[in-house]
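S.K.: One structure is given below, represented as structure tokens, and several questions about it will come after.
2 protein chains.
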Amino acid sequence: MEEKQDSLLSGVKEIARRAKVSRATVDRVIHNRPGVSVKTKNRINAIIKELDYQPNVLAQRLALTSRGIIRLAVLLPDISEETEYWKAPLEGINKAEAEIKQYGLQVDYYFFDQNVQSVFALQVQQIMENNPDGVLITPTFEPDSIRLLEYCKTKKIPCVLMNSDIAGQHRLCYIGPELFDSGYLSAQLVHYCLKDQQKVMIVNIAREIENNAAILVKEEGFLAYFKEKLSERLLVALNTTDTRHHAVAARLNELLELESHIGVIYVTNSRVSLVAQWLESIGRSDIILIGYDYLAQNIEFLKRGVIDFLLCEKPQEQGYRSVMTLFQFLVFGTLVKEDYLIPIDIITSANYRYYRN
Amino acid sequence: MEEKQDSLLSGVKEIARRAKVSRATVDRVIHNRPGVSVKTKNRINAIIKELDYQPNVLAQRLALTSRGIIRLAVLLPDISEETEYWKAPLEGINKAEAEIKQYGLQVDYYFFDQNVQSVFALQVQQIMENNPDGVLITPTFEPDSIRLLEYCKTKKIPCVLMNSDIAGQHRLCYIGPELFDSGYLSAQLVHYCLKDQQKVMIVNIAREIENNAAILVKEEGFLAYFKEKLSERLLVALNTTDTRHHAVAARLNELLELESHIGVIYVTNSRVSLVAQWLESIGRSDIILIGYDYLAQNIEFLKRGVIDFLLCEKPQEQGYRSVMTLFQFLVFGTLVKEDYLIPIDIITSANYRYYRN
DNA sequence: CTGAAAGCGCTTACAG
DNA sequence: CTGAAAGCGCTTACAG
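This is the structure in structure tokens:
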């Protein structure tokens, strides 16, 4: 290895030397803190520009280590067998937490049952009482979410929305997929697979369909494609708020009897495994099945060829990135210019091995 | 924000206090450096375990800042209009370089023309003469690559292979896609799109097809799928080493006349835009077209519906991750357990907006 | 085999 | 409005 030259010839020290001031003063200018005369400020800024000064992030963070703890409130659906999906975002959050815990981050978790609005409202209340430094939520129930967002706005607490967005609200940013296009993309895949004379079944399985923005928007995108490129007459819809296996199977059997020419089924969420189980039980794995999320169960059906396509939206990365964004903002004041729209990934039995959540 | 407690109660300082030694000695034990008596070593190790000590990476790096410069040699195809693809890995490498330049990284670039083996050999020679601390190459020409790998082995210089692998060679790791499965996945997509009575054309466009491992392996994977699930008799092959547009078009016209029932065309690399241009010119965008890489030109054809699917393998991330892996290894001695297999992403006109290279 | 001291680049509490 | 000094957690050249 060679000698390293001019390592100091930028840096706060050098700026201070040239400006004939102390490092503290340079620091004040860099961070736009008050208490510096206009004259010195200008002088220092000129030198900063001239040297094209870039702060050493490592040193910055290290120096901040002794500062106070930053407390993040995270509001997430809890993980039941039924909603295994939420394990992934939580893992991403845990990962971020582990990485930056030693630099002064603390994460407080608030869980809720996706079927019980009152718990959600209660947790929102709790968060507001605990007065966190930053907030991260999945806005399953809109009215309560908006209440929280307004609290954050007045208190100037940054809030990140994850997984699904609320239009027209003040927040630091949204981190998640463009759900409309997720549905639209599904329809496109369906179109490629559809043979002549066949129809498509679109299936919503959730206790609260009408309140579930994620499902509704995906469905909207899906329909939009059919309106545009094919015809809505090719579509057969099935909604079930009873998510137990036998109930879903019964409804599906019923519908299949009425509509025998179903060639493709699109399930709007991770419950696609219920449909897969049914397809397998009636020996109809010739029907193309498209659904959501990289869950162990779904992958099993994918391997066996019962599920054909899974759309995935990097849930772990969503969690990780959300926490990191809040941390960066709170510690370094890193500005967040825009929402971070997560890629919509297509997984089949041939590429699932390499997928990274 | 709250007060931060017990910030010191782990850390080298605390270990030293408990072991009644200096921090230097603790450091020696942590890094397994010689010059510590077995007795103190054991004592210190016990405390490290007890405290579950995790080093502060920030502080580590910062302390190393004053050390020497690390010089990485990077061997890449140069970027011509014809091989725009290679811009992306280069960007990833540049990004990594920019991020860690200030921590003592220097990257030396060696470019070569993919059609001229002699230049590749020459650059390999150059690299060996310049005696770098780490090496990153895309092993386009195998014999010369192996020569370099052997040099690295004897000199104990870590070497990362990127984009395509060489079996059975000693190297730090491979970072890139599993190319066989990339071809296999393409065939699976073809299968979903294929209608009755239709045939599939597989197109290789490159000056050096027989020497291009990447192309050969993808083709192999593609054929494997057809052997397994359909029949090779459905396949029509076209190889052209003349990569100029009119030459490719002429060959395609010829073949299309002989085989009128082509329903899908699979192009094994980023030159898919040549085929797209031709399809558009003869007004046959009904034929499904599958190819590679997120290039501006390809995306244009994707938007217009001429190209249907693009497979992409995060070339920028490949470059970025390769440099980072070498840096981590050289600076922190981070062990590299295994190859990093890049996901194989499927891009259509409905999700390209959200793709991240 | 071991330790005291200086240093990495930045931040801050305190004093003036 | 400004500066001297101490500190973040880790590493290292030097002395013994």
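Chains as they are written, first to last, in my numbering: chain Y, 1 to 357; chain D, 1001 to 1357.
Even glycine gets a Cβ: it sits at the ideal position worked out from N, Cα and C.
1. Roughly how many angstroms lie between the CA atoms of residue 1035(D) and residue 61(Y), to the nearest whole one?
2. With DSSP collapsed to three states, give me the class of residue 1295(D).
3. Skipping 5 residues on each side, what residues in its chain have a beta carbon closer than 7 angstroms to that of residue 232(Y)?
4. Starting from residue 1040(D), trace the alpha helix (DSSP H) both ways and give me its first and last residue.
5. Please report how far the alpha carbon of residue 1186(D) lies from the alpha carbon of residue 1063(D), in whole angstroms.
6. If contact is defined by three or more beta carbon pairs under 8 angstroms, each pair taking one atom from either stretch, is the segment 105–112 of chain Y in contact with the segment 41–57 of chain Y?
7. How big is the Cα-Cα spacing for residue 1247(D) and residue 1082(D)?
8. Mind checking residue 241(Y): buried by the 16 CB within 10 Å criterion, or exposed?
9. Relative to the C-alpha of residue 23(Y), which residue among 12(Y), 31(Y), 33(Y) is closest?
10. Could you run through the segment 1341–1355 of chain D and flag, in chain order, every residue whose CB is less than 8 angstroms away from some CB of chain Y?
11. If you reduce the DSSP assignment to three classes, tell me which class residue 1001(D) lands in.
12. How would you call residue 318(Y), buried or exposed, if buried means at least 16 neighbouring beta carbons within 10 angstroms?
13. Cβ of residue 191(Y) versus every heavy atom of the ligand MG: is any distance shorter than 8 angstroms?
14. Does chain D have any CB closer than 9 angstroms to the CB of residue 328(Y)?
15. Per DSSP, what kind of secondary structure is residue 356(Y) in: helix, strand or coil?
16. Counting contacts by CB-CB distance shorter than 9 angstroms, is residue 1288(D) in contact with chain Y?
17. In or out: residue 1052(D) buried (at least 16 other Cβ within 10 Å) or exposed?
18. Touch check for the segment 82–98 of chain Y and the segment 307–327 of chain Y: three-plus C-beta pairs under 8 angstroms?
19. Under a CB-based cut-off of 9 angstroms, is residue 1002(D) close to chain Y?
20. Taking only beta-carbon atoms, is residue 242(Y) less than 9 angstroms away from chain D?
21. Going by C-alpha distance, which of 37(Y), 260(Y), 253(Y), 157(Y) is nearest residue 329(Y)?
22. Would you say residue 1076(D) and residue 1109(D) are within 9 angstroms of each other, going by their C-beta atoms?
23. At 7 angstroms on the CB atoms, spell out the chain Y contacts of residue 1061(D), in chain order.
24. Could you name the residues of the same chain whose beta carbon sits closer than 8 angstroms to that of residue 189(Y), not counting the 5 residues immediately before and after it, in chain order?
25. Express the C-alpha separation of residue 1176(D) and residue 3(Y) in angstroms, rounding to a whole number.
26. May I have the straight-line CA-CA distance separating residue 336(Y) from residue 117(Y), to the nearest angstrom?
27. By the 9 angstroms beta-carbon criterion, what residues does the segment 186–216 of chain Y contribute toward chain D?
28. Hey, would you say residue 948(D) sits closer than 9 angstroms to residue 1112(D), going by beta carbons?
29. Is the Cβ of residue 1178(D) closer than 9 angstroms to any Cβ of chain Y?
M.R.: So, to answer that:
1. The count along the second sequence starts at 1 and reaches residue 1035(D) at position 35. The count along the first sequence starts at 1 and reaches residue 61(Y) at position 61. For residue 1035(D) and residue 61(Y), the distance between alpha carbons rounds to 33 angstroms.
2. Indexing the second sequence from 1 puts residue 1295(D) at position 295. DSSP places residue 1295(D) in coil when its eight states are reduced to three.
3. For the purposes of this step, residue 232(Y) is taken as the residue at position 232 of the first sequence. Only 223, 226 meet the Cβ criterion.
4. On the second sequence, residue 1040(D) is found 40 positions in, with the first residue counted as 1. Looking at the DSSP string, the run of the alpha helix (DSSP H) that includes residue 1040(D) is 1038–1051.
5. Mapped onto the second sequence, residue 1186(D) falls at position 186. Mapped onto the second sequence, residue 1063(D) falls at position 63. When rounded, the distance between both Cα atoms is 49 angstroms.
6. no
7. The sequence position of residue 1247(D) within the second sequence is 247, counting from 1. The sequence position of residue 1082(D) within the second sequence is 82, counting from 1. So the two alpha carbons sit approximately 15 angstroms from each other.
8. As a working mapping, residue 241(Y) is identified with position 241 in the first sequence. In the assembly as shown, residue 241(Y) is an exposed residue. Its beta-carbon has fewer than 16 other beta-carbons within 10 Å.
9. Position 23 of the first sequence, counted from the start, is the residue given in the question as residue 23(Y). When each option's Cα is compared against that of residue 23(Y), the closest is 12(Y).
10. From the segment 1341–1355 of chain D, only 1341, 1342, 1343, 1344, 1345, 1346, 1348, 1349, 1350, 1351, 1353, 1354, 1355 have a Cβ closer than 8 angstroms to chain Y.
11. Locating residue 1001(D) in the second sequence gives position 1, counting from the first residue. For residue 1001(D), the pLDDT reaches just 43, beneath the cut-off of 50, and the residue's location in the model is therefore unreliable, leaving the point undetermined.
12. Here residue 318(Y) refers to the residue found at position 318 when the first sequence is read from its first residue. When all chains shown are included, residue 318(Y) counts as buried.
13. Looking at this structure, you won't find the ligand MG or any other ligand, since it has none at all.
14. Taking the first residue of the first sequence as 1, we reach residue 328(Y) at position 328. Residue 328(Y) does not count as touching chain D.
15. The residue you call residue 356(Y) lines up with position 356 of the first sequence. In this structure, residue 356(Y) counts as coil in the three-state DSSP scheme.
16. Here residue 1288(D) is taken as the residue at index 288 of the second sequence, counted from 1. Judged by the 9 angstroms Cβ criterion, residue 1288(D) is in contact with chain Y.
17. Against the second sequence, residue 1052(D) aligns to sequence position 52. It is exposed - the Cβ of residue 1052(D) has fewer than 16 other Cβ atoms within 10 Å.
18. Yes: the two stretches touch, three or more of their Cβ pairs being nearer than 8 angstroms.
19. Mapped onto the second sequence, residue 1002(D) falls at position 2. The predicted position of residue 1002(D) is uncertain, since its pLDDT is 44 and thus under 50; a value taken from the coordinates is nonetheless stated next. Yes, residue 1002(D) counts as interfacial toward chain Y.
20. Along the first sequence, read from residue 1 onward, the residue named residue 242(Y) stands at position 242. No, because no Cβ of chain D sits closer than 9 angstroms to the Cβ of residue 242(Y).
21. Along the first sequence, read from residue 1 onward, the residue named residue 329(Y) stands at position 329. Cα-wise, what sits closest to residue 329(Y) is 157(Y).
22. Residue numbering aside, residue 1076(D) sits at position 76 when the second sequence is read from its first letter. Residue numbering aside, residue 1109(D) sits at position 109 when the second sequence is read from its first letter. The Cβ atoms of residue 1076(D) and residue 1109(D) lie closer than 9 angstroms to each other.
23. Within the second sequence, residue 1061(D) is the residue found at index 61, counting from 1. Chain Y residues near residue 1061(D): 58.
24. As a first step, residue 189(Y) is located in the first sequence; it is residue number 189 there, counting from the start. Cβ neighbours of residue 189(Y) beyond the five flanking positions: 290, 309, 346.
25. Position 3 of the first sequence, counting from 1, holds the residue named residue 3(Y). Position 176 of the second sequence, counting from 1, holds the residue named residue 1176(D). Because residue 3(Y) sits at a pLDDT of 42, beneath the cut-off of 50, its placement in the model cannot be relied upon, and the following sentence gives the value as read from the coordinates. Whole-angstrom Cα-Cα distance: 33 angstroms.
26. Translated into the one-based positions of the first sequence, residue 336(Y) becomes position 336. Translated into the one-based positions of the first sequence, residue 117(Y) becomes position 117. Their backbone Cα atoms lie some 31 angstroms apart in a straight line.
27. 186, 187, 188, 189, 192, 193, 195, 196
28. Missing from the structure shown is residue 948(D); chain D here goes from 1001 to 1357 and no further.
29. Looking up residue 1178(D) in the second sequence gives position 178. Taking Cβ atoms only, chain Y reaches closer than 9 angstroms to residue 1178(D), which makes this a yes.
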